[in-house]
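Chains A and B, in that order, give the protein sequences.
Heads up: the first sequence begins at 19 in our numbering, then just goes up one per residue.
Heads up: the second sequence begins at 567 in our numbering, then just goes up one per residue.
Here's the structure we're looking at; comments come further down.
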Amino acid sequence: DAGVIQSPRHEVTEMGQEVTLRCKPISGHDYLFWYRQTMMRGLELLIYFNNNVPIDDSGMPEDRFSAKMPNASFSTLKIQPSEPRDSAVYFCASSLDGGYIQYFGAGTRLSVL
Amino acid sequence: QQPVQSPQAVILREGEDAVINCSSSKALYSVHWYRQKHGEAPVFLMILLKGGEQKGHDKISASFNEKKQQSSLYLTASQLSYSGTYFCGTESLTDSWGKLQFGAGTQVVVTP
Chain A
19 DAGVIQSPRH EVTEMGQEVT LRCKPISGHD YLFWYRQTMM RGLELLIYFN
69 NNVPIDDSGM PEDRFSAKMP NASFSTLKIQ PSEPRDSAVY FCASSLDGGY
119 IQYFGAGTRL SVL
Chain B
567 QQPVQSPQAV ILREGEDAVI NCSSSKALYS VHWYRQKHGE APVFLMILLK
617 GGEQKGHDKI SASFNEKKQQ SSLYLTASQL SYSGTYFCGT ESLTDSWGKL
667 QFGAGTQVVV TP
């Protein structure tokens, strides 16, 4: 299997623009997680899905952030409008079941100017 | 709430040992350990479940004391390849199933 695939790997955008991050989980995995990593706040869980249904979105910072999982093989994290403080590395991870090993994608490094 | 990891950083010479601690204020179901190399994604090391078990991965082992809500990761006879940032992730008995809260990480540098 190719592992968790994220795109783009790098994104540079200007403040106020819409940003969409994409994730393809490992086939057969029922759980999908979105994390944000910064030096200041470490690795934060933003939202996670089970069988395409959002289970916990308490980590989503504010209404500017939204996430969808229209099917078992694709998820998006959208920021609209983006702000400089959103600059971070965003990771997507998937697991076979809750509490199991999480496999992380390579991450998307987002810079908002 | 995030688990607390200590120390924040440790520098070792090859062959030396180190211990990384992870402590939670919540009752835990499991503790996960991950290692992240600079510029890369976190990679799974091991999971410890309720029951106070110990596990090993090469010369890296861990223990979980559920009563104290603490876990420790032991790096034995460290190798250069052990360098990286180690994160514990805790799964609480009161949180949604599958939810992991990660600690701030412990940076480990192994020198020749």
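Note that beta-carbon positions come from the ideal geometry of N, C-alpha and C, so glycine has one too.
Computed from a predicted model, the values in this text were never measured in an experiment.
Following the DSSP letters along the chain, one finds Tyr66/A inside the beta strand (DSSP E) bounded by residues Gly60 to Asn68. In summary, Val130/A is buried, with 16 or more beta-carbon neighbours lying within 10 Å of its beta-carbon over all protein chains present. Annotation: Cβ neighbours of Ala670/B in chain A (cutoff 7 Å, chain order): Gly60. Every unbroken stretch of the beta strand (DSSP E) spanning 3 or more residues and falling wholly within the segment 572-615 of chain B is given here in chain order: 575-579, 584-589, 594-602 and 609-615. For the pair Gly664/B and Asn70/A, the CB atoms are not nearer than the 8 Å cut-off. Shown here for Val675/B: same chain residues with a beta carbon closer than 8 Å to its own, the five before and five after excluded, namely Ala575, Val576, Ile577, Leu578 and Ser649 in chain order.
With its beta carbon less than 8 Å from one in chain B, Tyr66/A belongs to the interface. By the Cβ neighbour-count rule, Glu36/A is exposed, with fewer than 16 other Cβ atoms within 10 Å of its own.
Residue Tyr108/A holds the alpha-carbon nearest to the alpha-carbon of Leu63/A among Gly46/A, Pro99/A and Tyr108/A. Annotated three-state conformation of Arg40/A is strand, per DSSP. Non-local C-beta neighbours of Val30/A in its own chain, meaning closer than 6 Å and more than five positions away in sequence, comprise Ser129, ordered along the chain. Those residues of the segment 31-63 of chain A placed with their C-beta closer than 7 Å to a C-beta in chain B are Tyr49, Gly60, Leu61 and Leu63, ordered along the chain.
One finds Phe109, Phe122, Gly123, Ala124 and Gly125 in chain A with Cβ atoms closer than 7 Å to the Cβ of Ala607/B, taken in chain order. Contiguous beta strand (DSSP E) elements confined to the segment 622-661 of chain B occur at 626-631, 636-641 and 650-658, taking only those with 3 or more residues. Here Ile65/A really is in contact with Ala85/A; their C-beta atoms are around 5 Å apart, less than 8 Å. Interface criterion not met: the Cβ of Asp75/A is under 8 Å from no Cβ in chain B.
A distance below 8 Å separates the beta carbons of Gln571/B and Gly671/B.
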